[in-house]
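Numbering (the UniProt record's numbering), first residue to last: 1 to 247.
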């Protein structure tokens with residue numbers, strides 16, 4: 001009788017899924033839900049970026065009058081057509097930012113300080129170092145001094161402006177904490193208004209590339225402050241629920 005009971009226990013242990021299998025199944029289910037939360041456009045974002053790059057290069061090569069005319073619509077070297085397109089791209093994300101979430105900063109201060117430190121104490125300087133290595137050393141034979149300076153300036157500007165809107169998408173892809181993501185984006189958007197210009201100005205001065213203060217400050221105002229304010233104004237006035245990419 002005891003042997004039969006032992007056999008039944010063994011059979012039950014074999015046929016019952018282990019806890020590790022349950023965890024694996026739950027992780028798979030979470031990943032499937034994350035994929036469903038990402039829309040068609042976000043899912044193939046890399047492809048759209050490559051297509052847009054190819055189209056832009058083709059237009060600049062075959063119809064050079066278009067970029068020349070667009071360049072005339074600039075204030076202090078800040079392109080107004082580009083500003084309008086950027087607003088259309090990031091405004092939907094800005095509307096999702098709830099600055100009331102700033103009250104949750106102290107819920108996980110170490111995580112906020114860590115990501116903020118990487119964004120402003122590590123990322124800009126790493127980008128500057130990589131840009132200097134590639135454009136002044138590795139690609140020196142293929143670039144003129146002026147071209148190298150321009151590429152370094154572009155890399156410094158890119159490295160000094162941490163991403164905000166796409167953080168929502170990345171958070172969904174890795175099953176991140178939506179509330180923490182929202183808090184981090186809100187903190188980042190406020191800090192970039194203060195820290196972007198002096199950080200970029202410092203690194204550009206080191207590389208002997210001169211960009212006027214008015215250009216940097218106007219860029220922050222046009223590309224960050226304006227859509228941020230528009231999003232903050234539009235969010236409470238919308239009469240329909242906002243679809244969050246973090247849910």
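Backbone N, C-alpha and C define an ideal beta-carbon position, used for all residues, glycine too.
Small disclaimer: the values here were computed from a predicted structure and weren't measured.
Just curious, the alpha helix (DSSP H) that residue i is in, first and last residue?
i: residue 201; result: 178-206
i: residue 65; result: 65-72
i: residue 216; result: 213-220
i: residue 160; result: Note, residue 160: premise wrong, no alpha helix (DSSP H); not H, not E.
i: residue 144; result: Counting along the chain, residue 144 falls outside any alpha helix (DSSP H), and DSSP gives it neither H nor E.
i: residue 112; result: 109-117
i: residue 223; result: Premise fails: residue 223 is in no alpha helix (DSSP H) and is neither H nor E.
i: residue 131; result: 123-132
i: residue 49; result: 45-62
Rank the options by C-alpha distance to the C-alpha of residue i and give the top, closest one.
i: residue 160; options: 63, 198, 74; result: 198
i: residue 131; options: 175, 118, 115, 154; result: 154
i: residue 214; options: 156, 74, 237, 187; result: 74
i: residue 148; options: 100, 113, 127, 209; result: 209
Quick check: what's the CA-CA separation for residue i versus residue j?
i: residue 178; j: residue 54; result: 34 Å
i: residue 248; j: residue 67; result: The question about residue 248 has no answer, for the chain in this structure spans 1 to 247.
i: residue 57; j: residue 220; result: 26 Å
i: residue 158; j: residue 87; result: 17 Å
i: residue 109; j: residue 39; result: 31 Å
i: residue 182; j: residue 217; result: 25 Å
i: residue 185; j: residue 95; result: 12 Å
i: residue 98; j: residue 162; result: 19 Å
i: residue 168; j: residue 201; result: 28 Å
i: residue 191; j: residue 115; result: 12 Å
i: residue 152; j: residue 112; result: 29 Å
Using the Cβ count rule (16 or more neighbours within 10 Å means buried), how would you classify residue i?
i: residue 121; result: exposed
i: residue 222; result: buried
i: residue 129; result: exposed
i: residue 203; result: buried
i: residue 117; result: exposed
i: residue 180; result: buried
i: residue 233; result: exposed
i: residue 188; result: buried
According to DSSP, residue i sits in a beta bridge with which residue or residues?
i: residue 75; result: 78
Beta-carbon of residue i versus every beta-carbon of chain D: anything under 9 Å?
i: residue 237; result: Among the protein chains of the structure shown there is no chain D, as only one such chain exists.
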